[in-house]
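Asker: The structure is given below, and queries will be raised subsequently.
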Amino acid sequence: MEDPWNQLELSGDNKELLINLVNAHRLPDKRSGDLIRKKGNGLIFLFHGQPGLGKTLTAEALSESIKRPLYRVNLGLIAAKQDWEPALEQIFRDANSWQAVLLLDEAEVIMEARTKDRMQQNSWCSVFLRKLEYYEGILILTTNLIHTIDKAFRSRINIAIHYDEFTLEQKTSLWQLFIGRLHPERSDVSGLKRKVEMWARQGLNGRQIRNIVLTAEALALGQSEYCKMDARHIEQIIRNTEDFNRAIENEKRGKSALKVGSIPQNW
């Protein structure tokens with residue numbers, strides 16, 4: 001199977017930059033490191049951009065390429081716990097012992113700028129800064145709200161990468177990538193690949209494309225153990241996704257109309 005890193009679509013020289021830094025990090029004896037032992041030896045990336053543009057896919061491809069497990073955690077769920085600090089400590093400890101690539105989603109929840117009147121937020125921020133400073137592994141933070149992040153985190157991040165909207169060519173490559181991962185005996189891979197240029201013109205992001213392929217595969221399997229997935233299954237799920245998107249937009253428009261034509265107070 002082809003290295004998923006080679007199949008990854010990433011703009012500019014960011015792809016080479018990431019893999020070279022990761023390779024260097026795996027040679028600890030060659031790096032000078034911090035004057036204080038076990039401090040400043042981690043490799044911390046910040047991936048930022050709107051959902052579905054490849055942040056998680058990059059982390060998955062990177063971990064697969066270097067043969068390390070990917071440990072994915074939603075920081076929003078951790079911050080909601082009463083015992084969030086020991087939970088966070090355990091996550092870093094486990095990731096380190098497993099030599100995993102640690103992926104922390106919704107980083108803005110804990111990295112949000114400190115203010116005088118938000119003691120809980122300030123506590124999260126301070127603890128997390130300390131964890132980053134002493135973490136020695138590979139850590140990826142994701143967010144779509146970089147403007148909210150506390151300035152102190154800037155010096156803790158080695159590389160920040162912005163994810164732009166996909167071009168038509170990149171969407172085509174994504175369809176090719178996910179279809180290429182299907183089992184050839186259970187899917188009409190060649191027939192599906194002939195359709196990717198048409199599907200790439202749909203208003204779908206990367207996460208939606210992956211979900212559509214996986215859901216279509218499940219649909220075919222659910223119809224019959226011997227049913228071969230083909231374009232019909234993909235197009236059925238695309239229609240469902242488009243219907244869902246339209247319903248969301250219609251509801252948004254309806255709420256906007258209610259705000260404009262508000263009900264009089266003496267109603």
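In the UniProt record's numbering, the protein residues as written are 1 to 267.
Ideal placement from N, C-alpha and C gives every residue a C-beta, glycine not left out.
Here's the rule: buried if 16 or more other CB atoms are within 10 angstroms of the residue's CB, otherwise exposed. What is G254?
Answerer: Answer is exposed; the Cβ neighbour count stays below 16.
Asker: Check D164 in the structure and name its three-state DSSP category.
Answerer: Reduced to three states, the DSSP call for D164 is coil.
Asker: When you compare only the Cα positions, how much space is there between A79 and R130?
Answerer: As the crow flies, the alpha-carbon of A79 is around 16 Å from that of R130.
Asker: Per DSSP, what kind of secondary structure is I239 in: helix, strand or coil?
Answerer: The residue asked about is misnamed: residue 239 is Arg in this sequence, not Ile. Helix, per DSSP.
Asker: Residue range of the alpha helix (DSSP H) that H25 falls in?
Answerer: Counting along the chain, the unbroken alpha helix (DSSP H) around H25 starts and ends at 14-25.
Asker: If you run the structure through DSSP and keep just helix, strand and coil, what is S126?
Answerer: helix
Asker: Under the rule that 16 or more other beta-carbon atoms within 10 Å means buried, what is I248, buried or exposed?
Answerer: exposed
Asker: Rounded to whole angstroms, what's the CA-CA distance from V196 to F128? Just pull it up for me.
Answerer: 43 Å
Asker: Quick one: using the 10 Å Cβ neighbour count with 16 as the cut-off for buried, is K151 buried or exposed?
Answerer: By the Cβ-count criterion, K151 is exposed, with fewer than 16 other Cβ atoms from all chains shown falling within 10 Å of its own Cβ.
Asker: To the nearest angstrom, how far is the alpha carbon of R181 from that of S123?
Answerer: 43 Å
Asker: How is G49 classed by DSSP in three states: helix, strand or coil?
Answerer: strand
Asker: Considering only the alpha carbon of each residue, which of I209, Q50, P4, N41 lies closest to I161?
Answerer: Q50
Asker: Mind reading off the beta-carbon distance from I179 to T215? Whole number of angstroms is fine, and I expect it under 8 Å.
Answerer: That pair is no contact at about 13 Å.
Asker: L219 to R186, Cα distance in whole Å?
Answerer: 12 Å
Asker: Quick one: measure Cβ to Cβ for L75 and V101, integer angstroms, because I've assumed they're closer than 8 Å.
Answerer: Not really, about 16 Å apart at Cβ, beyond 8 Å.
Asker: Can you tell me the Cα-Cα spacing of R139 and A231, whole angstroms?
Answerer: Inspection of the sequence shows that residue 139 is occupied by Leu rather than by Arg. In a straight line, the C-alpha of L139 is about 38 Å away from that of A231.
Asker: Give me the Cα-Cα distance between W84 and N14, rounded to the nearest whole angstrom.
Answerer: 33 Å
Asker: Would you kindly work out how many angstroms separate the C-alpha atoms of residue 293 and A61, rounded to a whole number?
Answerer: What is shown of the chain runs 1 to 267, which leaves residue 293 out entirely.
Asker: Where does D105 sit, in a helix, a strand or coil, going by DSSP?
Answerer: The answer is strand: DSSP assigns D105 an E or B state.
Asker: Please name the residue, chosen from G137, E106, E251, that lies closest to W98 on a Cα-to-Cα basis.
Answerer: G137
Asker: Looking at the strands, I want to know which residues DSSP matches up with L139.
Answerer: I44, L102.
Asker: Could you tell me which of H183, E16, F153, M198 sits nearest to T172, measuring between CA atoms?
Answerer: M198
Asker: Tell me the rounded alpha-carbon separation between E89 and A24.
Answerer: 26 Å
Asker: Could you give the uninterrupted runs of the alpha helix (DSSP H) lying entirely in the segment 171-210, keeping only those of 4 residues or more?
Answerer: 189-193, 196-199, all fully within the segment 171-210.
Asker: For residue 268 and E235, I'd like the C-alpha separation in whole angstroms.
Answerer: The structure shown does not extend to residue 268, since the chain is modelled only from 1 through 267, so no value can be given for it.
Asker: Using only CA atoms, which one of C227, L10, L70, T167 lies nearest to L141?
Answerer: L70
Asker: Just reading off the beta strand (DSSP E) that L70 is part of, what are its end residues?
Answerer: Where L70 is concerned, the enclosing beta strand (DSSP E) stretches over 70-74.
Asker: Classify K131 as helix, strand or coil using the three-state DSSP reduction.
Answerer: helix
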